Amino acid sequence: MSTSGPFFGELYLRSTRPFLAEEVSDAEATYLRRAFEQCRVKGPLLDLGCGHGRHLGRLARALGERPVLGVDFDALSLREAAEVAPVVRADFFQLPFGGATLAGAYSWYNTLFIFEDADQLRLLKEVARVLKPGGLFVCQGLARQYIEQRPHAAYDDYLPDGCRLIEESHFNPANGRDEAWRKLITPDGRTLLAEYFIRYYFRDEMVALLEQAGLKVRWVHGGVDESPHHPESMDLIVGAERV
């Protein structure tokens, strides 16, 4: 049976998890912990697009009494995330929190950049809405110049659970999107298939977008080692405060 459907859900979870090394997740969570420990605003933190909770659980343990909440739209992933911290299923464009109620939020791995350009500013304004003044937002993605140097990618191999993963992506410089399709053939004969895109930004584009949303950029890093962002950086990690 072949199913063409949403990218997020079983297809994403089963095809992505094998590539998420524990040591990488540990390093990313350590970066986030350090960032939020420096934030003087008190209150809960929000994992935007928490998925199955790989950062959520680590931060909840590391920050102790400070509440860390997760939000995502994928019910399958949330069932796992709920085992490590409180989570809610919700639309990113209508977050179920009052204005100025959160001390911080973070989004990792291009999570917020899978939407149309016309919607992107509206989404970031919604993030700003729920943050307290001075609240910190940390956003990570791959830098556009890094993707431009690798405009085509393909994968076809078997995963540890016996699934066959087939994927192709092509970067479109006209719209800044990596446009891709992914197919997962499960051991029981099912085929899950979806098309998707990720929007990539240059450093200055990202800074301008966040500041239009009401967030003041405080730093731009090129990796979880907190190194300054430069033209050869793979990561684009931005820390911004609600003004």
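Heads up: the sequence shown at position 214 corresponds to 205 in the working numbering, and the numbers run straight through without jumps. Idealized CB from N, CA, C, for every residue including glycine. Remember, it's a predicted structure, so these values are computed and weren't measured experimentally.
If you draw a straight line from the C-alpha of residue i to the C-alpha of residue j, how long is it?
| i | j | result |
| --- | --- | --- |
| Leu127 | Leu69 | 24 Å |
| Ser6 | Asn166 | 26 Å |
| Ala231 | Val32 | 13 Å |
| Ser(-7) | Glu170 | Residue placement at Ser(-7) is flagged as unreliable, the pLDDT there being 45, under the threshold of 50; a coordinate-derived value is accordingly withheld. |
| Gly0 | Pro9 | 15 Å |
| Glu186 | Ser160 | 10 Å |
| Asp179 | Cys154 | 9 Å |
| Arg209 | Ala26 | 11 Å |
| Arg181 | Arg45 | 27 Å |
| Cys30 | Gly125 | 8 Å |
| Leu103 | Gln111 | 8 Å |
| Gln140 | Tyr192 | 14 Å |
| Trp113 | Ala51 | Strictly speaking, residue 113 in this sequence is Arg, with Trp absent from that position. Roughly 28 Å between the two C-alpha positions. |
| Asp65 | Ala94 | 24 Å |
| Leu150 | Leu67 | 20 Å |
| Ala109 | Val198 | 17 Å |
| Gly55 | Phe(-2) | 34 Å |
| Asp152 | Leu183 | 15 Å |
So, residue i versus residue j, is the Cβ gap smaller than 7 Å?
| i | j | result |
| --- | --- | --- |
| Arg168 | Arg194 | no |
| Cys41 | Ala72 | yes |
| Thr92 | Val121 | yes |
| Lys116 | Ala204 | yes |
| Ala53 | Arg80 | no |
| Leu37 | Ala76 | no |
| Phe106 | Ile138 | no |
| Leu175 | Leu11 | no |
| Ser98 | Leu39 | yes |
| His220 | Val211 | yes |
| Glu158 | Arg173 | yes |
Go through its chain and collect everything with a Cβ distance to residue i's Cβ below 6 Å, but skip five positions before and after it.
| i | result |
| --- | --- |
| Ser224 | Ala134 and Gly213 |
| Pro58 | Pro35 |
| Thr177 | Cys154 |
Kindly list the residues whose CB is nearer than 8 Å to the CB of residue i, restricted to its own chain and excluding five residues on each side of it in sequence; keep chain order.
| i | result |
| --- | --- |
| Val215 | Ala18, Glu19, Thr21, Tyr22, Asp226 and Ile228 |
| Pro222 | Gln136 |
| Val78 | Cys41, Gly44, Leu47, Leu60, Gly61, Val62, Asp63, Leu69 and Ala72 |
| Ser218 | His212 and Ser224 |
| Asp82 | Phe64 |
| Ser16 | Arg45, His46 and Arg49 |
Return the chain-ordered list of same chain residues with a C-beta closer than 7 Å to the C-beta of residue i, the five sequence neighbours on each side being excluded.
| i | result |
| --- | --- |
| Asp148 | Leu156 |
| Glu28 | none |
| Asn101 | Gly132, Leu133 and Ile189 |
| Lys207 | Ala231, Glu232 and Val234 |
| Glu202 | Val208 |
Quick check: does the Cβ of residue i come within less than 6 Å of any heavy atom belonging to the ligand GTP?
| i | result |
| --- | --- |
| Asp216 | No copy of the ligand GTP appears in this structure; indeed no ligand is present at all. |
Ordered list of alpha helix (DSSP H) runs contained in the stretch 152 to 233, each at least 4 residues: Runs of the alpha helix (DSSP H) inside the stretch 152 to 233: 194 to 203.
Unbroken alpha helix (DSSP H) runs of length 4 or more, entirely within the stretch 48 to 122: which are they? At a cut-off of 4 residues, the continuous stretches assigned as alpha helix (DSSP H) that sit fully inside the stretch 48 to 122 are 66 to 72 and 108 to 121.
Could you say if the stretch 79 to 96 and the stretch 138 to 146 meet the contact criterion of at least three C-beta pairs nearer than 8 Å? Short answer: they don't touch.
Which runs of the beta strand (DSSP E) fall wholly inside the stretch -7 to 26 and span at least 3 residues, in chain order? If only uninterrupted beta strand (DSSP E) runs of at least 3 residues are considered, those enclosed by the stretch -7 to 26 are -7 to -5.
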